[in-house]
Amino acid sequence: LGTVPKATKDDLDKAIRAAEEGFKVISKIPAHERSKILENTSRLIEENQEELAKIISLEAGKSLKYSMAELGRSVETFKFASEEAKQIHGETIPFDASKSGEGRIGFYLRVPKGIIGAITPFNFPLNLVAHKVAPAIAAGNSVVLKPATTTPITSIRLGEIMIEAGIPKGVLNIVTGKGSEIGNWIVTDERIAMITFTGSLEVGRKIKSLAGLKPVTLELGSNSAVIIDEGTDINRAIPRCLMGGFCNSGQVCISVQRIYVHNNILQEFTAEFVAAVKKLKVGNPIEKDTDFGPMIEEKEAIRAKEWIDEAIRQGARILTGGERNGSILQATVLADVTPNMRVVKDEIFAPVVSIIPFNDFSKAVSFVNDSIYGLQAGVFTQSIKNALMAAREIKTGGVIINDVPTFRVDQMPYGGVKGSGIGREGLKYAIEEMTDIKMVVFNV
Numbered sequence: 001l002g003t004v005p006k007a008t009k010d011d012l013d014k015a016i017r018a019a020e021e022g023f024k025v026i027s028k029i030p031a032h033e034r035s036k037i038l039e040n041t042s043r044l045i046e047e048n049q050e051e052l053a054k055i056i057s058l059e060a061g062k063s064l065k066y067s068m069a070e071l072g073r074s075v076e077t078f079k080f081a082s083e084e085a086k087q088i089h090g091e092t093i094p095f096d097a098s099k100s101g102e103g104r105i106g107f108y109l110r111v112p113k114g115i116i117g118a119i120t121p122f123n124f125p126l127n128l129v130a131h132k133v134a135p136a137i138a139a140g141n142s143v144v145l146k147p148a149t150t151t152p153i154t155s156i157r158l159g160e161i162m163i164e165a166g167i168p169k170g171v172l173n174i175v176t177g178k179g180s181e182i183g184n185w186i187v188t189d190e191r192i193a194m195i196t197f198t199g200s201l202e203v204g205r206k207i208k209s210l211a212g213l214k215p216v217t218l219e220l221g222s223n224s225a226v227i228i229d230e231g232t233d234i235n236r237a238i239p240r241c242l243m244g245g246f247c248n249s250g251q252v253c254i255s256v257q258r259i260y261v262h263n264n265i266l267q268e269f270t271a272e273f274v275a276a277v278k279k280l281k282v283g284n285p286i287e288k289d290t291d292f293g294p295m296i297e298e299k300e301a302i303r304a305k306e307w308i309d310e311a312i313r314q315g316a317r318i319l320t321g322g323e324r325n326g327s328i329l330q331a332t333v334l335a336d337v338t339p340n341m342r343v344v345k346d347e348i349f350a351p352v353v354s355i356i357p358f359n360d361f362s363k364a365v366s367f368v369n370d371s372i373y374g375l376q377a378g379v380f381t382q383s384i385k386n387a388l389m390a391a392r393e394i395k396t397g398g399v400i401i402n403d404v405p406t407f408r409v410d411q412m413p414y415g416g417v418k419g420s421g422i423g424r425e426g427l428k429y430a431i432e433e434m435t436d437i438k439m440v441v442f443n444v
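Just so we're aligned, residue 1 is where the sequence shown starts under the UniProt record's numbering, counting upward by one.
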C-alpha cells in the first residue's frame, strides 16, 4: 500500500518548531476563516471518499461498507467543527453580586491552548483523527499528530487534503513512527500544551503519569455491555447487537462485548442471535458484501483466541465461532461465562461476545457496573421505570436506551468514567478541552 518515514527525535523537534510557527498564524486567523478551512476539508473528503475508503480498508482491514460509513462520519465531523468554530464564546460575570465587586464589569474568553499533541488509534484511522484535528484547529490551535503505527497512510492523505483546503503551513504536522518512542517524546515535550489520546487503558495510564501538569484527554477502552430486558422486541435488538459486536472485527472502543438477557427471552434471543451470527460473511474487506475482515495484526487474533480457549477451560461454552485462520477470527458467541474470565472482565477488542442471563433488572445493572471500565452501555427495555433506573444507576459516560453502546453521533459529548478515560470528545466539548478560560476585568 505504501511506506512512511520512521521519524527520529530530530524529526519530531522540527515538527514541533513548525507547530510553534503555525500556532502564531492559526491563533490570529478569524473564526470565519478557520471555519472555511474545515468546511473545505469536509467537502474534499466527500469528493475523495471512494479513494479514502479503499485506503482505510486496505490499511486497517475494515470492510468496505464500514469504511464508507466512517467516511460519512468524517465528513460530518469536519462540518460540525466548521460550525463550532464560529460559536466559541465566553460569558459575562455579574461582579456586583459581591460587595467587593461593585464598580467592576468583566467577562471571560476562551483562548487556544497552543500546540495539541494528538495520538490516535488504528480502528478509525480517519474519523478519530478528525475528532482531534478538527476541534483543535476550530479553536485556533496547531497540532502535532502521531497516527497509529499500523494505519498512518490515511492520516497522511488527510494532511494532503487539508493543505488543499487551505490550512496554513505548520498548523498540522504529522509524525510517523513507533508509539513507544514518538508518543513518549510528544507527551513529555514542554512545548506541547495538551495531549489528546485514544487507545488502551495501559497506555493511557502511562501518558497520564508522564504528562505531569499538562492537561490530557484520554479516550480509553471498555468491555461494553447491553441489557436485553423482558418484553424487548428481539427483532429490533438482534441486528443492532450483531452490528455492535462484530463491525470492524469487534475492534471498537464501544463494541458490544457483554449481552445480559432476561431469562424469560434468553432461549429465543440466543437461538436467533447465534443463527444471525452464523450468516455473517468474513473475508476480504474490499469485497462489498463482506461483513468484517481480518483483525489489525495476526498477533491480536492469536491473543483473542487464547482468551477464548482460556474461557473454555474455565467452563464457558462456544455457541458459534472460536476458530482462527491467520489474522481472521471467526465471529464468536460464548455462554456459561463467569465475571472473572478475561473475555468478560477485560477488553477483548475482537469479534467475541458473551451472552449472560439475568432475572432481576437491578441485578443486570449491577452486572454492567461490575467493571473497571465505564464508556457506554446499551439498554433495550419497554419499561420507562427501568430505562430511568439505568440512566441514573449505570456508571458509564453514556447510556443508550433501546440501542447498543456502539451508537455514537459525532456532535454528542463522548467519553468515559473509571478506566475508560478523562475528558470528553464531540466537537463542542473537545473545543472546551482544547481552550483555556481567560478572565478580563474592568474597574470602572
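Yeah, the Cβ is synthetic: ideal placement off N, Cα and C, and Gly gets one too.
Rounded C-alpha distance that separates residue i from residue j
i      : j      : result
Asn263 : Gln376 : 23 Å
Leu388 : Lys395 : 13 Å
Ile182 : Arg17  : 15 Å
Phe269 : Val337 : 17 Å
Val144 : Val129 : 11 Å
Ala134 : Gln87  : 14 Å
Phe407 : Gly398 : 10 Å
Lys146 : Gly177 : 8 Å
Ile296 : Thr150 : 8 Å
Val282 : Ile437 : 49 Å
Arg342 : Ile318 : 15 Å
Asn386 : Asn235 : 20 Å
Pro152 : Phe107 : 42 Å
Arg190 : Phe292 : Note that residue 190 is Glu in the sequence shown, not Arg. For Glu190 and Phe292, the distance between alpha carbons rounds to 42 Å.
Ile431 : Ala275 : 44 Å
Lys126 : Ile195 : Note on identity: in this sequence residue 126 is Leu, with Lys being the wrong assignment. About 18 Å.
Phe367 : Phe380 : 15 Å
Lys113 : Lys28  : 13 Å
Ser67  : Pro121 : 15 Å
Ile115 : Pro5   : 22 Å
Ser180 : Gly199 : 13 Å
Lys65  : Ile26  : 36 Å
Glu287 : Glu50  : 13 Å
Lys206 : Ala19  : 24 Å
Close Cβ partners of residue i (< 7 Å) along its chain, the five nearest in sequence each way excluded
i      : result
Ala364 : Ile227, Tyr260, Phe358
Lys9   : Trp185
Ala304 : Leu329, Ile348, Ala350, Val352
Glu160 : none
Arg73  : Asn127, Asp410
Cys56  : The residue you asked about is not Cys; residue 56 is Ile in the sequence shown. Same-chain partners within the cutoff: Lys62, Ser67, Glu70, Pro125, Leu126, Thr154.
Gly22  : Ser142, Pro168, Lys169, Gly170, Val171
Residue i: CB within 7 Å of a non-hydrogen atom of the ligand ZN
i     : result
Glu51 : In the structure on display, the ligand ZN does not appear, and there are no ligands present to speak of.
Beta-carbon contacts of residue i that lie in its chain and below 6 Å, excluding the five residues immediately before and after
i      : result
Leu220 : Leu201, Gly204, Ser420, Gly421
Gln251 : Asn123, Phe349
Ile37  : Ala165, Gly166, Ile167
Ala335 : Arg317, Leu319, Ile355
Ile119 : Lys146, Gly183, Phe197
Thr232 : Phe380
Leu52  : Leu71
Arg324 : Ala301, Lys305
Beta-carbon proximity list for residue i, same chain, < 8 Å, skipping 5 on both sides
i      : result
Met294 : For clarity, residue 294 is Pro in the given sequence; the question names Met instead. Once the five neighbours on either side are set aside, the close Cβ partners of Pro294 are Gly61, Ser249, Pro285, Ala301, Gly326, Ser327, Ile328.
Pro78  : The sequence given here has Phe at residue 78, not Pro. If we look at Phe78 and ignore the five residues flanking it on each side, its Cβ neighbours are Leu38, Glu39, Thr41, Ser42, Ile45, Ala130, Ala134.
Ile163 : none
Val256 : Ser224, Ala225, Val226, Cys241, Gly244, Gly245, Val353, Gly378, Val404, Pro405, Thr406
Whole-Å CB distance - residue i paired with residue j, under 8 Å assumed
i           : j      : result
Ser142      : Val171 : 5 Å
Gly374      : Gly423 : Rounded, the Cβ-Cβ distance is 14 Å, inconsistent with contact.
residue 485 : Ala81  : Summary: the structure shown does not reach residue 485, with the chain confined to residues 1 through 444, and so no result is reported for it.
Val277      : Val216 : Val277 to Val216, Cβ: 38 Å. No contact.
Asp289      : Ser383 : Wrong, their Cβ atoms sit about 38 Å apart, outside the cutoff.
Glu84       : Lys428 : 5 Å
Lys345      : Asn173 : About 39 Å; that fails the 8 Å criterion.
Leu109      : Val440 : 7 Å
Ile192      : Gly140 : Between Gly140 and Ile192 the Cβ distance is about 16 Å, and since that is not below 8 Å, they are no contact.
Ala331      : Phe246 : 5 Å
Environment of residue i [buried if 16+ CB atoms lie within 10 Å]
i           : result
Gly244      : buried
residue 457 : Within the shown structure, residues of the chain are numbered from 1 to 444, placing residue 457 beyond reach of any answer.
Thr154      : buried
Leu1        : exposed
Asn443      : exposed
Ile308      : buried
Ala15       : buried
Glu59       : buried
Met434      : buried
Glu76       : buried
Ile213      : In the sequence under discussion, the amino acid at residue 213 is Leu, which differs from the Ile named in the question. It counts as exposed.
Gln267      : exposed
Ser209      : exposed
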